[in-house]
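Data first, discussion second: the structure below is written as C-alpha coordinates.
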Amino acid sequence: MTETRVLPPKPVVSFATYIEAGGGAGLDAAARLGPDATIEEVLASGLRGRGGAGFPTGRKWQTVAEMKSPDYPTSVVVNAAEGEPGSFKDRTILRRDPYRVLEGALIAAYAVRADIVVIALKASFTQELARMQDAIAEARDAGWLDNADVTVVAGPSEYLYGEETALLEVIDGRPPFPRIAPPYRHGIDEFGDAAGESAARLELAAPDELSEAPPTLVSNTETFANIPGILAQGADWFREMGTADSPGTIVCTITGATRRHGVGEFEMGTPLSEVIEEIGGGAEGDHTITAVMSGVANPLLPASLLDTPLTYEAMRDAGSGLGAAGFIVFDDGDDLIAVAHGVARFLSVESCGQCTPCKQDGLAISELLDRVRRNEATEIDLVLLNDRLTTVADSARCNLATQQQLVIRSVLELFPDTVAAHIHHSHRASEPYVVAPIVDISGDRAVLDVQHTRKQPDWTYDDTWSGKTPADWIDERALFDSHDDR
834 MTETRVLPPK PVVSFATYIE AGGGAGLDAA ARLGPDATIE EVLASGLRGR
884 GGAGFPTGRK WQTVAEMKSP DYPTSVVVNA AEGEPGSFKD RTILRRDPYR
934 VLEGALIAAY AVRADIVVIA LKASFTQELA RMQDAIAEAR DAGWLDNADV
984 TVVAGPSEYL YGEETALLEV IDGRPPFPRI APPYRHGIDE FGDAAGESAA
1034 RLELAAPDEL SEAPPTLVSN TETFANIPGI LAQGADWFRE MGTADSPGTI
1084 VCTITGATRR HGVGEFEMGT PLSEVIEEIG GGAEGDHTIT AVMSGVANPL
1134 LPASLLDTPL TYEAMRDAGS GLGAAGFIVF DDGDDLIAVA HGVARFLSVE
1184 SCGQCTPCKQ DGLAISELLD RVRRNEATEI DLVLLNDRLT TVADSARCNL
1234 ATQQQLVIRS VLELFPDTVA AHIHHSHRAS EPYVVAPIVD ISGDRAVLDV
1284 QHTRKQPDWT YDDTWSGKTP ADWIDERALF DSHDDR
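Be aware that the sequence shown starts at 834, since it is given in the working numbering, and climbs by one per residue.
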(Lines of atoms letter the chains of each structure in order from A and count residues from 1; the text may use other names and numbers.)
(Lines give C-alpha, C1' and ligand atoms only; values in the text may rest on other atoms or scores of the structure.)
Protein backbone atom coordinates (compact mmCIF):
# COMPACT_ATOMS: atom_id res chain seq x y z
CA MET A 1 0.00 0.00 0.00
CA THR A 2 1.35 3.42 -0.94
CA GLU A 3 1.95 6.11 1.69
CA THR A 4 1.92 9.92 1.55
CA ARG A 5 4.43 11.07 4.14
CA VAL A 6 6.75 12.80 1.66
CA LEU A 7 4.98 12.23 -1.66
CA PRO A 8 1.50 13.78 -1.72
CA PRO A 9 -0.93 12.22 -4.20
CA LYS A 10 -1.44 15.60 -5.90
CA PRO A 11 0.89 18.59 -6.33
CA VAL A 12 0.89 21.21 -3.57
CA VAL A 13 0.06 24.22 -5.70
CA SER A 14 1.20 27.10 -3.47
CA PHE A 15 2.95 28.09 -0.27
CA ALA A 16 -0.40 29.03 1.24
CA THR A 17 -1.77 25.57 0.47
CA TYR A 18 1.30 24.02 2.08
CA ILE A 19 0.85 26.07 5.26
CA GLU A 20 -2.88 25.28 5.42
CA ALA A 21 -2.04 21.57 5.37
CA GLY A 22 0.36 21.91 8.32
CA GLY A 23 3.51 23.02 6.55
CA GLY A 24 5.93 25.00 8.69
CA ALA A 25 5.22 22.97 11.84
CA GLY A 26 8.64 21.34 11.55
CA LEU A 27 10.40 24.71 11.50
CA ASP A 28 8.36 25.85 14.50
CA ALA A 29 9.26 22.68 16.41
CA ALA A 30 12.95 23.11 15.63
CA ALA A 31 12.84 26.70 16.91
CA ARG A 32 11.30 25.47 20.18
CA LEU A 33 13.84 22.66 20.58
CA GLY A 34 16.98 24.57 19.65
CA PRO A 35 19.77 23.36 17.30
CA ASP A 36 21.25 20.62 19.50
CA ALA A 37 17.91 19.09 20.45
CA THR A 38 16.83 19.23 16.81
CA ILE A 39 19.83 17.11 15.87
CA GLU A 40 19.00 14.72 18.73
CA GLU A 41 15.47 14.31 17.36
CA VAL A 42 16.81 13.44 13.91
CA LEU A 43 19.27 11.02 15.51
CA ALA A 44 16.47 9.37 17.48
CA SER A 45 14.35 8.99 14.34
CA GLY A 46 16.91 6.70 12.74
CA LEU A 47 16.43 8.40 9.35
CA ARG A 48 19.01 7.19 6.85
CA GLY A 49 20.06 9.10 3.75
CA ARG A 50 17.84 8.31 0.79
CA GLY A 51 20.48 9.06 -1.84
CA GLY A 52 21.72 5.48 -1.95
CA ALA A 53 24.29 4.93 0.78
CA GLY A 54 21.83 4.96 3.67
CA PHE A 55 24.17 6.81 6.03
CA PRO A 56 22.47 7.87 9.31
CA THR A 57 21.26 11.44 8.76
CA GLY A 58 21.48 12.54 12.37
CA ARG A 59 25.06 11.38 12.62
CA LYS A 60 25.95 13.40 9.52
CA TRP A 61 24.30 16.51 11.01
CA GLN A 62 26.12 15.94 14.29
CA THR A 63 29.48 15.64 12.51
CA VAL A 64 28.93 18.85 10.55
CA ALA A 65 27.84 20.74 13.68
CA GLU A 66 30.93 19.59 15.57
CA MET A 67 33.24 20.73 12.75
CA LYS A 68 31.80 24.24 12.55
CA SER A 69 34.40 26.83 11.61
CA PRO A 70 34.75 29.84 13.93
CA ASP A 71 35.50 32.08 10.97
CA TYR A 72 33.40 30.94 8.03
CA PRO A 73 29.76 29.92 7.52
CA THR A 74 28.60 26.34 7.18
CA SER A 75 26.59 25.43 4.08
CA VAL A 76 23.65 23.10 3.52
CA VAL A 77 23.31 21.60 0.04
CA VAL A 78 20.28 19.76 -1.32
CA ASN A 79 21.49 17.18 -3.82
CA ALA A 80 18.68 17.18 -6.37
CA ALA A 81 20.93 16.24 -9.30
CA GLU A 82 19.10 12.96 -9.84
CA GLY A 83 20.69 10.97 -12.66
CA GLU A 84 20.67 7.34 -11.55
CA PRO A 85 19.16 5.24 -14.35
CA GLY A 86 15.84 3.86 -13.16
CA SER A 87 15.21 6.61 -10.59
CA PHE A 88 12.67 9.41 -10.86
CA LYS A 89 11.70 9.83 -7.20
CA ASP A 90 13.52 13.10 -6.41
CA ARG A 91 12.03 14.92 -9.39
CA THR A 92 8.60 13.56 -8.53
CA ILE A 93 8.93 14.91 -4.99
CA LEU A 94 10.04 18.32 -6.28
CA ARG A 95 7.19 18.46 -8.77
CA ARG A 96 4.60 17.65 -6.14
CA ASP A 97 5.93 19.39 -3.04
CA PRO A 98 9.08 21.56 -3.25
CA TYR A 99 8.01 23.35 -0.04
CA ARG A 100 8.62 20.25 2.07
CA VAL A 101 12.14 19.88 0.69
CA LEU A 102 12.86 23.56 1.31
CA GLU A 103 11.52 23.37 4.86
CA GLY A 104 13.68 20.33 5.53
CA ALA A 105 16.78 22.14 4.27
CA LEU A 106 16.00 25.21 6.42
CA ILE A 107 15.58 23.00 9.51
CA ALA A 108 18.96 21.43 8.74
CA ALA A 109 20.54 24.87 8.32
CA TYR A 110 19.15 25.94 11.70
CA ALA A 111 20.39 22.76 13.38
CA VAL A 112 23.98 22.92 12.07
CA ARG A 113 24.05 26.74 12.33
CA ALA A 114 24.41 27.30 8.60
CA ASP A 115 23.35 30.49 6.84
CA ILE A 116 23.83 29.26 3.26
CA VAL A 117 21.45 26.83 1.56
CA VAL A 118 22.04 25.67 -2.00
CA ILE A 119 19.54 23.66 -4.03
CA ALA A 120 21.55 21.88 -6.73
CA LEU A 121 19.59 20.55 -9.74
CA LYS A 122 20.38 19.88 -13.36
CA ALA A 123 19.73 22.62 -15.89
CA SER A 124 17.65 20.15 -17.89
CA PHE A 125 15.17 19.82 -14.97
CA THR A 126 13.17 22.81 -16.18
CA GLN A 127 9.92 21.87 -14.46
CA GLU A 128 11.59 21.16 -11.12
CA LEU A 129 13.69 24.32 -11.34
CA ALA A 130 10.62 26.43 -11.92
CA ARG A 131 8.76 24.86 -9.01
CA MET A 132 11.68 25.29 -6.62
CA GLN A 133 12.36 28.88 -7.67
CA ASP A 134 8.69 29.74 -7.15
CA ALA A 135 8.73 28.02 -3.76
CA ILE A 136 11.81 29.98 -2.69
CA ALA A 137 10.24 33.27 -3.77
CA GLU A 138 7.04 32.50 -1.83
CA ALA A 139 9.00 31.42 1.23
CA ARG A 140 11.08 34.59 1.08
CA ASP A 141 7.93 36.72 1.00
CA ALA A 142 6.67 34.82 4.04
CA GLY A 143 9.85 35.58 6.00
CA TRP A 144 11.17 32.03 6.04
CA LEU A 145 14.51 33.05 4.51
CA ASP A 146 15.37 35.98 6.76
CA ASN A 147 18.25 34.03 8.33
CA ALA A 148 19.43 32.04 5.33
CA ASP A 149 20.76 32.83 1.88
CA VAL A 150 19.00 30.30 -0.36
CA THR A 151 20.15 29.91 -3.96
CA VAL A 152 19.57 27.46 -6.81
CA VAL A 153 22.38 26.02 -8.92
CA ALA A 154 21.48 24.56 -12.32
CA GLY A 155 24.28 22.20 -13.24
CA PRO A 156 25.33 19.85 -16.04
CA SER A 157 23.74 16.58 -17.13
CA GLU A 158 26.67 14.37 -16.17
CA TYR A 159 26.05 11.36 -13.93
CA LEU A 160 28.92 12.36 -11.63
CA TYR A 161 27.19 15.64 -10.82
CA GLY A 162 25.15 13.57 -8.37
CA GLU A 163 28.29 12.47 -6.49
CA GLU A 164 28.57 14.68 -3.40
CA THR A 165 32.09 16.01 -3.87
CA ALA A 166 31.62 16.49 -7.62
CA LEU A 167 28.42 18.39 -6.90
CA LEU A 168 30.39 20.77 -4.66
CA GLU A 169 32.83 21.27 -7.50
CA VAL A 170 29.96 22.39 -9.74
CA ILE A 171 28.71 24.78 -7.06
CA ASP A 172 32.23 26.23 -7.11
CA GLY A 173 31.86 26.76 -10.86
CA ARG A 174 34.06 23.85 -11.92
CA PRO A 175 33.40 20.57 -13.77
CA PRO A 176 31.82 17.65 -11.89
CA PHE A 177 35.00 15.79 -10.95
CA PRO A 178 34.99 13.95 -7.58
CA ARG A 179 37.30 15.20 -4.85
CA ILE A 180 39.57 13.11 -2.68
CA ALA A 181 38.34 14.37 0.66
CA PRO A 182 34.80 13.84 1.99
CA PRO A 183 32.38 16.74 1.40
CA TYR A 184 31.95 17.61 5.08
CA ARG A 185 35.64 18.63 5.24
CA HIS A 186 35.39 21.36 2.63
CA GLY A 187 33.00 24.20 2.00
CA ILE A 188 32.21 25.99 -1.22
CA ASP A 189 33.56 28.99 -3.14
CA GLU A 190 36.70 30.58 -1.78
CA PHE A 191 38.20 27.38 -0.41
CA GLY A 192 39.00 25.94 -3.82
CA ASP A 193 42.52 26.15 -5.21
CA ALA A 194 43.64 29.77 -5.24
CA ALA A 195 44.84 29.38 -8.82
CA GLY A 196 41.38 28.39 -9.98
CA GLU A 197 42.34 24.76 -10.59
CA SER A 198 39.84 22.07 -9.64
CA ALA A 199 39.83 21.14 -5.98
CA ALA A 200 39.42 17.57 -7.21
CA ARG A 201 43.17 17.55 -7.80
CA LEU A 202 43.97 18.57 -4.23
CA GLU A 203 44.59 16.37 -1.20
CA LEU A 204 42.23 18.16 1.17
CA ALA A 205 42.16 17.88 4.94
CA ALA A 206 41.37 14.46 6.36
CA PRO A 207 38.70 14.09 9.10
CA ASP A 208 41.30 14.10 11.88
CA GLU A 209 43.23 17.08 10.55
CA LEU A 210 42.72 20.74 11.37
CA SER A 211 41.30 22.94 8.63
CA GLU A 212 39.99 26.47 8.53
CA ALA A 213 37.49 25.47 5.87
CA PRO A 214 33.88 25.19 7.03
CA PRO A 215 32.04 21.89 6.71
CA THR A 216 29.24 21.34 4.21
CA LEU A 217 26.12 19.28 4.83
CA VAL A 218 25.04 17.54 1.61
CA SER A 219 21.94 15.34 1.58
CA ASN A 220 19.50 13.96 -0.95
CA THR A 221 16.15 15.55 -1.86
CA GLU A 222 14.11 12.75 -0.32
CA THR A 223 16.16 12.88 2.88
CA PHE A 224 15.29 16.54 3.41
CA ALA A 225 11.64 15.85 2.55
CA ASN A 226 11.44 13.56 5.61
CA ILE A 227 12.74 16.17 8.06
CA PRO A 228 9.61 18.38 8.53
CA GLY A 229 7.50 15.38 9.55
CA ILE A 230 10.10 14.14 12.01
CA LEU A 231 10.29 17.52 13.75
CA ALA A 232 6.55 18.17 13.67
CA GLN A 233 5.42 14.67 14.69
CA GLY A 234 8.44 13.37 16.58
CA ALA A 235 10.95 10.55 16.19
CA ASP A 236 8.56 7.96 17.62
CA TRP A 237 5.97 8.83 14.96
CA PHE A 238 8.59 8.38 12.25
CA ARG A 239 9.50 4.95 13.62
CA GLU A 240 5.89 3.77 13.51
CA MET A 241 6.71 2.65 9.98
CA GLY A 242 9.61 0.57 8.74
CA THR A 243 12.05 -1.51 10.77
CA ALA A 244 14.36 -0.76 13.68
CA ASP A 245 17.36 -0.32 11.38
CA SER A 246 15.47 1.12 8.40
CA PRO A 247 12.58 3.20 9.78
CA GLY A 248 10.16 5.33 7.79
CA THR A 249 9.13 5.12 4.17
CA ILE A 250 10.97 4.93 0.86
CA VAL A 251 9.98 6.46 -2.49
CA CYS A 252 10.40 3.87 -5.26
CA THR A 253 10.55 4.03 -9.05
CA ILE A 254 9.58 1.03 -11.18
CA THR A 255 10.52 0.87 -14.88
CA GLY A 256 11.56 -1.75 -17.40
CA ALA A 257 9.61 -4.89 -18.26
CA THR A 258 6.41 -4.13 -16.35
CA ARG A 259 2.90 -3.25 -17.53
CA ARG A 260 3.35 0.33 -16.43
CA HIS A 261 6.03 2.60 -14.96
CA GLY A 262 5.73 4.99 -12.07
CA VAL A 263 6.74 6.30 -8.65
CA GLY A 264 5.23 5.52 -5.26
CA GLU A 265 6.00 5.78 -1.55
CA PHE A 266 6.02 2.62 0.58
CA GLU A 267 6.72 1.62 4.15
CA MET A 268 10.26 0.34 4.45
CA GLY A 269 10.18 -3.42 4.80
CA THR A 270 7.60 -3.83 2.03
CA PRO A 271 8.60 -6.77 -0.23
CA LEU A 272 10.04 -5.68 -3.58
CA SER A 273 7.55 -7.96 -5.35
CA GLU A 274 4.67 -6.01 -3.81
CA VAL A 275 6.12 -2.70 -4.99
CA ILE A 276 6.59 -4.07 -8.51
CA GLU A 277 3.01 -5.29 -8.54
CA GLU A 278 1.44 -2.12 -7.12
CA ILE A 279 3.35 0.41 -9.21
CA GLY A 280 4.19 -1.69 -12.26
CA GLY A 281 1.29 -4.12 -12.44
CA GLY A 282 3.67 -7.07 -12.67
CA ALA A 283 5.32 -8.51 -15.76
CA GLU A 284 4.08 -7.65 -19.23
CA GLY A 285 1.87 -10.16 -21.06
CA ASP A 286 2.87 -13.78 -20.54
CA HIS A 287 6.44 -12.93 -19.62
CA THR A 288 8.17 -13.82 -16.37
CA ILE A 289 10.42 -11.49 -14.36
CA THR A 290 13.99 -12.80 -14.26
CA ALA A 291 15.86 -10.08 -12.36
CA VAL A 292 15.72 -6.55 -11.01
CA MET A 293 18.47 -3.92 -10.89
CA SER A 294 18.58 -0.99 -8.46
CA GLY A 295 20.00 1.70 -10.70
CA VAL A 296 23.55 0.95 -11.89
CA ALA A 297 25.04 0.89 -8.41
CA ASN A 298 24.19 -2.57 -7.04
CA PRO A 299 24.31 -6.23 -8.12
CA LEU A 300 21.22 -7.60 -9.82
CA LEU A 301 18.62 -9.32 -7.67
CA PRO A 302 17.39 -12.60 -9.22
CA ALA A 303 13.70 -13.49 -9.47
CA SER A 304 14.05 -15.99 -6.62
CA LEU A 305 14.70 -13.10 -4.22
CA LEU A 306 11.95 -10.70 -5.29
CA ASP A 307 10.21 -11.06 -1.93
CA THR A 308 13.18 -9.37 -0.23
CA PRO A 309 11.96 -6.57 2.07
CA LEU A 310 12.99 -3.08 1.00
CA THR A 311 15.37 -2.25 3.82
CA TYR A 312 19.05 -1.46 3.69
CA GLU A 313 19.93 -4.54 5.72
CA ALA A 314 17.68 -7.03 3.88
CA MET A 315 18.78 -5.91 0.41
CA ARG A 316 22.42 -6.13 1.51
CA ASP A 317 21.89 -9.63 2.92
CA ALA A 318 20.27 -10.65 -0.37
CA GLY A 319 23.50 -9.72 -2.16
CA SER A 320 22.30 -6.45 -3.68
CA GLY A 321 21.50 -3.00 -2.32
CA LEU A 322 18.59 -0.61 -1.92
CA GLY A 323 20.35 2.31 -3.60
CA ALA A 324 17.98 5.10 -4.65
CA ALA A 325 15.13 2.55 -4.91
CA GLY A 326 14.96 3.00 -8.67
CA PHE A 327 14.24 -0.54 -9.87
CA ILE A 328 14.66 -1.60 -13.50
CA VAL A 329 12.78 -4.85 -14.08
CA PHE A 330 13.91 -7.50 -16.60
CA ASP A 331 11.90 -10.41 -17.95
CA ASP A 332 12.57 -13.59 -19.93
CA GLY A 333 12.57 -11.56 -23.14
CA ASP A 334 15.54 -9.44 -22.03
CA ASP A 335 19.12 -10.46 -22.76
CA LEU A 336 21.04 -9.81 -19.55
CA ILE A 337 24.32 -9.67 -21.48
CA ALA A 338 22.92 -6.74 -23.46
CA VAL A 339 21.89 -5.20 -20.12
CA ALA A 340 25.42 -5.68 -18.76
CA HIS A 341 26.85 -4.01 -21.87
CA GLY A 342 24.38 -1.13 -21.47
CA VAL A 343 25.48 -0.61 -17.87
CA ALA A 344 29.17 -0.83 -18.74
CA ARG A 345 28.78 1.61 -21.60
CA PHE A 346 26.89 4.11 -19.47
CA LEU A 347 29.42 4.03 -16.63
CA SER A 348 32.50 4.10 -18.88
CA VAL A 349 31.16 7.09 -20.81
CA GLU A 350 30.25 8.91 -17.58
CA SER A 351 33.67 8.26 -16.00
CA CYS A 352 35.57 11.54 -15.72
CA GLY A 353 38.97 9.98 -16.40
CA GLN A 354 40.77 11.28 -13.30
CA CYS A 355 41.44 7.65 -12.38
CA THR A 356 43.01 5.99 -15.43
CA PRO A 357 41.85 2.41 -14.69
CA CYS A 358 38.24 3.58 -14.30
CA LYS A 359 38.16 5.10 -17.78
CA GLN A 360 40.44 2.76 -19.71
CA ASP A 361 39.32 -0.51 -18.13
CA GLY A 362 35.70 0.68 -18.13
CA LEU A 363 35.78 1.30 -21.89
CA ALA A 364 37.48 -2.07 -22.40
CA ILE A 365 34.77 -3.81 -20.33
CA SER A 366 32.11 -2.14 -22.44
CA GLU A 367 33.77 -3.22 -25.68
CA LEU A 368 34.28 -6.81 -24.51
CA LEU A 369 30.65 -7.11 -23.43
CA ASP A 370 29.59 -5.65 -26.76
CA ARG A 371 31.54 -8.44 -28.45
CA VAL A 372 29.77 -11.01 -26.28
CA ARG A 373 26.39 -9.45 -27.08
CA ARG A 374 27.11 -9.64 -30.81
CA ASN A 375 28.32 -13.29 -30.57
CA GLU A 376 31.82 -12.23 -31.60
CA ALA A 377 33.62 -13.03 -28.34
CA THR A 378 35.77 -16.03 -27.43
CA GLU A 379 36.74 -17.71 -24.16
CA ILE A 380 39.87 -15.54 -24.19
CA ASP A 381 37.66 -12.44 -24.24
CA LEU A 382 35.99 -13.69 -21.03
CA VAL A 383 39.41 -14.00 -19.41
CA LEU A 384 40.25 -10.46 -20.51
CA LEU A 385 36.86 -9.26 -19.22
CA ASN A 386 37.50 -10.70 -15.77
CA ASP A 387 41.00 -9.20 -15.75
CA ARG A 388 39.60 -5.73 -16.49
CA LEU A 389 36.92 -6.15 -13.84
CA THR A 390 39.68 -6.88 -11.33
CA THR A 391 41.63 -3.69 -12.05
CA VAL A 392 38.94 -1.15 -13.03
CA ALA A 393 38.54 0.18 -9.47
CA ASP A 394 42.26 0.49 -8.67
CA SER A 395 42.98 3.80 -6.90
CA ALA A 396 39.41 4.99 -7.55
CA ARG A 397 38.39 8.18 -5.75
CA CYS A 398 34.64 7.59 -6.18
CA ASN A 399 32.32 4.59 -6.44
CA LEU A 400 31.71 4.59 -10.19
CA ALA A 401 34.35 1.97 -11.04
CA THR A 402 33.23 -0.26 -8.18
CA GLN A 403 29.74 -0.13 -9.66
CA GLN A 404 31.21 -1.66 -12.84
CA GLN A 405 32.52 -4.55 -10.78
CA LEU A 406 29.34 -5.10 -8.79
CA VAL A 407 26.81 -4.98 -11.63
CA ILE A 408 28.79 -6.76 -14.35
CA ARG A 409 30.03 -9.54 -12.07
CA SER A 410 26.51 -10.15 -10.81
CA VAL A 411 25.29 -10.70 -14.39
CA LEU A 412 28.18 -13.04 -15.19
CA GLU A 413 27.67 -15.03 -11.98
CA LEU A 414 23.86 -15.15 -11.97
CA PHE A 415 23.44 -15.92 -15.68
CA PRO A 416 26.43 -18.07 -16.73
CA ASP A 417 24.31 -20.06 -19.19
CA THR A 418 23.46 -16.88 -21.09
CA VAL A 419 27.14 -15.95 -21.25
CA ALA A 420 28.05 -19.42 -22.51
CA ALA A 421 25.24 -19.36 -25.06
CA HIS A 422 26.62 -16.15 -26.58
CA ILE A 423 30.15 -17.52 -26.66
CA HIS A 424 29.05 -20.76 -28.36
CA HIS A 425 26.54 -19.00 -30.67
CA SER A 426 23.53 -20.89 -29.31
CA HIS A 427 21.98 -17.55 -28.29
CA ARG A 428 21.10 -15.06 -30.99
CA ALA A 429 23.03 -11.82 -31.13
CA SER A 430 20.93 -9.21 -29.36
CA GLU A 431 20.16 -5.55 -29.88
CA PRO A 432 21.72 -3.00 -27.51
CA TYR A 433 19.85 -2.37 -24.27
CA VAL A 434 19.64 1.36 -23.53
CA VAL A 435 20.74 2.24 -20.01
CA ALA A 436 20.20 5.96 -19.45
CA PRO A 437 18.60 8.41 -17.01
CA ILE A 438 14.85 8.95 -17.07
CA VAL A 439 13.83 12.22 -18.70
CA ASP A 440 10.17 12.01 -17.69
CA ILE A 441 7.35 9.62 -16.95
CA SER A 442 4.66 10.30 -19.54
CA GLY A 443 1.39 8.58 -18.74
CA ASP A 444 2.52 5.23 -17.44
CA ARG A 445 5.80 4.89 -19.39
CA ALA A 446 9.25 6.19 -18.60
CA VAL A 447 10.94 8.32 -21.25
CA LEU A 448 14.68 7.64 -21.31
CA ASP A 449 17.44 10.00 -22.40
CA VAL A 450 18.08 8.12 -25.64
CA GLN A 451 20.45 10.90 -26.72
CA HIS A 452 22.90 9.33 -24.26
CA THR A 453 23.60 6.64 -26.87
CA ARG A 454 25.37 9.41 -28.85
CA LYS A 455 27.46 10.62 -25.93
CA GLN A 456 31.19 10.16 -26.33
CA PRO A 457 33.69 9.24 -23.56
CA ASP A 458 34.92 12.87 -23.59
CA TRP A 459 31.34 13.97 -22.70
CA THR A 460 30.74 15.59 -26.08
CA TYR A 461 28.09 14.59 -28.61
CA ASP A 462 30.46 14.78 -31.56
CA ASP A 463 30.32 12.16 -34.30
CA THR A 464 33.63 10.70 -33.18
CA TRP A 465 35.48 10.51 -29.88
CA SER A 466 38.43 12.87 -29.54
CA GLY A 467 40.46 10.24 -27.69
CA LYS A 468 40.65 12.52 -24.66
CA THR A 469 38.91 12.10 -21.32
CA PRO A 470 36.92 14.82 -19.55
CA ALA A 471 39.81 15.20 -17.09
CA ASP A 472 42.06 16.13 -20.04
CA TRP A 473 39.79 19.13 -20.56
CA ILE A 474 39.94 20.30 -16.95
CA ASP A 475 41.20 23.77 -17.84
CA GLU A 476 39.23 24.10 -21.07
CA ARG A 477 36.10 25.73 -19.73
CA ALA A 478 34.43 25.87 -23.12
CA LEU A 479 33.64 22.17 -22.86
CA PHE A 480 31.98 22.57 -19.49
CA ASP A 481 29.97 25.52 -20.73
CA SER A 482 28.74 23.84 -23.93
CA HIS A 483 28.81 20.06 -23.43
CA ASP A 484 25.01 19.95 -23.01
CA ASP A 485 24.47 21.34 -26.53
CA ARG A 486 22.99 18.37 -28.36
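Beta carbons: idealized from backbone N, C-alpha and C, even for Gly.
Practice prompt. Have a look at the DSSP bridge pairing and note the partners of valine 985.
Written response: DSSP output for valine 985 lists Ile952 as bridge partner(s).
Item to complete: Jot down the residue ranges of each uninterrupted alpha helix (DSSP H) in the region 1137 to 1223, minimum 4 residues, whole runs only, in chain order.
Response: With a minimum length of 4 residues, the unbroken runs of alpha helix (DSSP H) contained wholly in the region 1137 to 1223 fall at 1145 to 1150, 1169 to 1183, 1189 to 1206.
Fill in: Burial state of glutamine 1329 (16 or more Cβ within 10 Å)
Residue 1329 is absent from the model: the chain starts at 834 and stops at 1319.
Worksheet item: What number of angstroms, rounded off, separates the C-alpha of glutamate 1073 from the C-alpha of serine 1263?
Response: Those two C-alpha atoms are separated by around 47 Å.
Worksheet item: What whole-angstrom Cβ distance do cysteine 1185 and threonine 1302 have, given they're in contact under 8 Å?
Response: Rounded to whole angstroms, the Cβ separation of cysteine 1185 and threonine 1302 is 7 Å, and the two are in contact under 8 Å.
Item to complete: Counting only the same chain and skipping the five closest in sequence on each side, list residues whose C-beta sits under 8 Å from that of valine 1225.
Response: For valine 1225, where only same-chain residues beyond five positions count, the Cβ hits under 8 Å are Pro1190, Cys1191, Asp1194, Gly1195, Ile1198, Ala1234, Gln1237, Gln1238.
Worksheet item: Which class does arginine 892 belong to by DSSP, given the choice of helix, strand or coil?
Response: In this structure, arginine 892 counts as helix in the three-state DSSP scheme.
Fill in: Rounded straight-line distance, which links the Cα of proline 906 to that of valine 934
When rounded, the distance between both Cα atoms is 21 Å.
Fill in: For methionine 834 and glutamate 1111, the rounded distance between their alpha carbons
In this structure, the CA atom of glutamate 1111 is about 8 Å from the CA atom of methionine 834.
Practice prompt. Could you tell me if alanine 938 is buried or exposed, where buried requires 16 or more neighbouring beta carbons within 10 angstroms of its beta carbon?
Written response: Burial state of alanine 938 is buried, judged by a 10 Å Cβ sphere holding 16 or more other Cβ atoms.
Worksheet item: Exposed or buried, aspartate 1168, counting other C-beta atoms within 10 Å across all chains shown (16 or more means buried)?
Response: Counting Cβ neighbours within 10 Å, aspartate 1168 comes out buried, since at least 16 surround it.
Fill in: Nonlocal neighbours in the same chain, by C-beta distance under 6 Å from alanine 942, ignoring five residues either side
Val909, Val950, Ala981.
Worksheet item: Who are the near neighbours of threonine 871 in its chain, counting only those whose CB is closer than 6 Å to its CB and skipping five residues on each side?
Response: So the list reads Ala863, Ala944, once near-sequence residues are dropped.
Discussion item. DSSP three-state label for glycine 857, please.
Written reply: In this structure, glycine 857 counts as coil in the three-state DSSP scheme.
Worksheet item: With burial defined as no fewer than 16 other Cβ atoms inside 10 Å of the residue's Cβ, what is the status of histidine 1258: buried or exposed?
Response: Under a 10 Å Cβ-count criterion, histidine 1258 is classified as exposed, with fewer than 16 other Cβ atoms of the shown protein chains found around its own Cβ.
Worksheet item: Taking the continuous beta strand (DSSP E) assigned at valine 909, which residues delimit it?
Response: First-last of the beta strand (DSSP E) with valine 909: 907 to 912.
Practice prompt. Just tell me which of Gly859, Gly884, Asp930 has its CA closest to the CA of threonine 850.
Written response: Taking only the C-alpha atoms, the option nearest threonine 850 is Asp930.
Discussion item. Which runs of the alpha helix (DSSP H) at least 4 residues long sit entirely within the region 1239 to 1276? Give them in chain order.
Written reply: Runs of the alpha helix (DSSP H) inside the region 1239 to 1276: 1249 to 1256.
Fill in: Whole-angstrom distance between proline 1061 and proline 868, CA atom to CA atom
Rounded to whole angstroms, proline 868 to proline 1061 spans 14 Å at the Cα level.
Discussion item. Between Ala858, Ile1241, Asp923, Ile1013, which has its C-alpha nearest serine 1228's C-alpha?
Written reply: Closest by alpha carbon: Ile1013.
Item to complete: Report the option in Thr1144, Gly1152, Val1129 whose CA atom is closest to the CA atom of serine 1137.
Response: Nearest to serine 1137 by C-alpha distance, out of Thr1144, Gly1152, Val1129, is Gly1152.
Practice prompt. Give me the Cα-Cα distance between asparagine 1131 and alanine 968, rounded to the nearest whole angstrom.
Written response: If I take the Cα positions, the gap works out to 34 Å.
Practice prompt. Specify whether the region 1156 to 1168 and the region 1115 to 1127 touch according to this definition: at least 3 beta carbon pairs, one from each stretch, less than 8 Å apart.
Written response: Judged by pairs of C-beta atoms under 8 Å, the region 1156 to 1168 touches the region 1115 to 1127, as three or more such pairs exist.
Worksheet item: Are glycine 1128 and proline 918 close, meaning C-beta to C-beta below 8 Å?
Response: Yes, the pair counts as a contact, with Cβ atoms nearer than the cut-off.
Worksheet item: What are the boundary residues of the beta strand (DSSP E) that includes phenylalanine 1099?
Response: Per DSSP, phenylalanine 1099 belongs to the beta strand (DSSP E) from 1095 to 1100.
Item to complete: Could you tell me how far apart the beta carbons of tyrosine 992 and glutamate 1200 are, in whole angstroms, since I believe they sit closer than 8 Å?
Response: Incorrect: roughly 19 Å between the Cβ atoms, too far for contact.
Item to complete: Kindly indicate which three-state DSSP category isoleucine 1087 falls into: helix, strand or coil?
Response: Looking at isoleucine 1087 - three-state DSSP - the assignment turns out to be strand.
Worksheet entry | Contact belief for glycine 995 with glycine 1095 at Cβ below 8 Å, rounded distance in angstroms | 22 Å between Cβ atoms; not a contact.
Practice prompt. Spell out a yes or no on whether the region 1206 to 1225 and the region 1241 to 1261 are touching, meaning 3 or more CB-CB pairs, one atom from each, closer than 8 Å.
Written response: These segments touch.
Item to complete: Give the single residue among Asp1203, Thr959, Thr896 whose Cα lies nearest to the Cα of leucine 927.
Response: Considering only alpha carbons, the answer is Thr959.
Practice prompt. Give me whichever residues DSSP pairs with methionine 1126 in a beta bridge.
Written response: Methionine 1126 pairs with Ile1161.
Worksheet item: Cβ atoms of threonine 1082 and arginine 838: under 8 Å apart, would you say?
Response: With respect to threonine 1082, arginine 838 sits close: the two C-beta atoms are nearer than 8 Å.
Practice prompt. Give me the Cα-Cα distance between glutamate 853 and phenylalanine 1071, rounded to the nearest whole angstrom.
Written response: Looking at the two C-alpha atoms, the distance is approximately 22 Å.
Worksheet item: Given a threshold of 16 other Cβ atoms within 10 Å of its Cβ, counted over all protein chains shown, does lysine 1288 qualify as buried or as exposed?
Response: Lysine 1288 should be labelled buried.
Fill in: Beta-bridge partners of proline 1104, as assigned by DSSP
Looking at the DSSP output, proline 1104 bridges to Pro1142.
Discussion item. Between Phe1010, Arg883, Ser847, which has its C-alpha nearest cysteine 1085's C-alpha?
Written reply: It is Arg883 whose Cα lies nearest to the Cα of cysteine 1085.
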